[in-house]
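Visitor:
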Amino acid sequence: MTEKTDPDQALVGAMTANLGGAGFSQKIAEAMKNPNTKELAMKMEAVQISRWLKGDWSPVQIMDTQKLSKASAGLFDSPQFATWSTFLTEYNKKHPKGEITVPEAFTQSYGEEGLLKLLGSIDDGPGATKFKDEVVKGWLANPDHPANMFKRLKLNEAGDDLLSNPMLSIWTP
Numbered sequence: 001m002t003e004k005t006d007p008d009q010a011l012v013g014a015m016t017a018n019l020g021g022a023g024f025s026q027k028i029a030e031a032m033k034n035p036n037t038k039e040l041a042m043k044m045e046a047v048q049i050s051r052w053l054k055g056d057w058s059p060v061q062i063m064d065t066q067k068l069s070k071a072s073a074g075l076f077d078s079p080q081f082a083t084w085s086t087f088l089t090e091y092n093k094k095h096p097k098g099e100i101t102v103p104e105a106f107t108q109s110y111g112e113e114g115l116l117k118l119l120g121s122i123d124d125g126p127g128a129t130k131f132k133d134e135v136v137k138g139w140l141a142n143p144d145h146p147a148n149m150f151k152r153l154k155l156n157e158a159g160d161d162l163l164s165n166p167m168l169s170i171w172t173p
């Protein structure tokens, strides 16, 4: 069905055009908190994710529409991140040979250096902690991890500030 014949697709398309991707996700998150609108909100989020999948949008493109490509407080506990995470799960189901992890997507969007800065600046909320754990897990899976992680985190450049460097807690979980 196309948007012209599917009222749900048309509604989501109009709302997204009007509110933007991040604004739409914010409204859906608010609606999910209300028992009277939760079911409709879940349906609308599923329609939006379906639209992205049918449009062959990449995880990094959706990060941009959800305004996740800029670090901010509470980023990993935001409704936009939750919507993007749901999309990423569905994207990986559709592309099993090209699966992408959350840290890989953020590395593609932010770059290696940007990812390191993000790790040092994010809060300790549940979503941020999970993200940090996923990044470390990915590094541990890297065969050259023990020899290079200290340098990857640029802790070798910290000098006298090593003990107060926020990256140290990532290196010593």
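Everything in the sequence shown is counted per UniProt numbering, starting at 1 for the first residue and increasing by one.
Where is the CB? At the ideal position from N, CA and C, for every residue including glycine.
Remember, it's a predicted structure, so these values are computed and weren't measured experimentally.
1) Suppose you measure from the CA of Pro7 to the CA of Ser58; what does that come to, to the nearest Å?
2) Just how far apart, CA to CA, sit Thr2 and Ile122?
3) Is it the case that the Cβ atoms of Gln48 and Gln66 are separated by a distance below 7 Å?
4) I'd like to know if the stretch 123 to 140 and the stretch 100 to 107 are in contact, where contact means that at least 3 CB-CB pairs between them fall below 8 Å.
5) I'd like the list of long-range same chain contacts for Gly119, defined as Cβ closer than 7 Å, with 5 residues on each side in sequence excluded.
6) Since Leu40 and Glu90 should fall inside the 8 Å C-beta cutoff, what is the C-beta to C-beta distance between them, to a whole number of angstroms?
7) Looking at the unbroken alpha helix (DSSP H) that takes in Asn142, where does it start and where does it end?
8) Measure how close the beta-carbons of Gly127 and Phe76 come, nearest whole angstrom, since I'm counting them as under 8 Å.
9) Can the beta-carbon of Gln9 be found closer than 7 Å to that of Val60?
Guide: The short version:
1) Distance between the alpha carbons of Pro7 and Ser58 is about 25 Å.
2) Confidence in Thr2 is poor, its pLDDT being 48 and thus under 50, which makes the residue's placement unreliable; the coordinate value appears in the next sentence. Here the alpha carbons of Ile122 and Thr2 stand approximately 40 Å from one another.
3) No; because the gap between Cβ atoms is not below 7 Å, this pair is not in contact.
4) Between the stretch 123 to 140 and the stretch 100 to 107, the count of C-beta pairs closer than 8 Å reaches three or more; the two stretches touch.
5) The sequence given here places Leu at residue 119; Gly does not occur at that position. Around Leu119, the same chain offers Lys132, Val135, Met167, Ile170 as residues with beta carbons nearer than 7 Å, after the five sequence neighbours per side are excluded.
6) About 19 Å separates the two Cβ atoms, so there is no contact after all.
7) Per DSSP, Asn142 is not a residue of any alpha helix (DSSP H), being assigned neither H nor E.
8) Approximately 3 Å separates the beta-carbon atoms of Gly127 and Phe76; this is inside 8 Å, confirming the contact.
9) Result no, Cβ atoms of Gln9 and Val60 do not sit closer than 7 Å.
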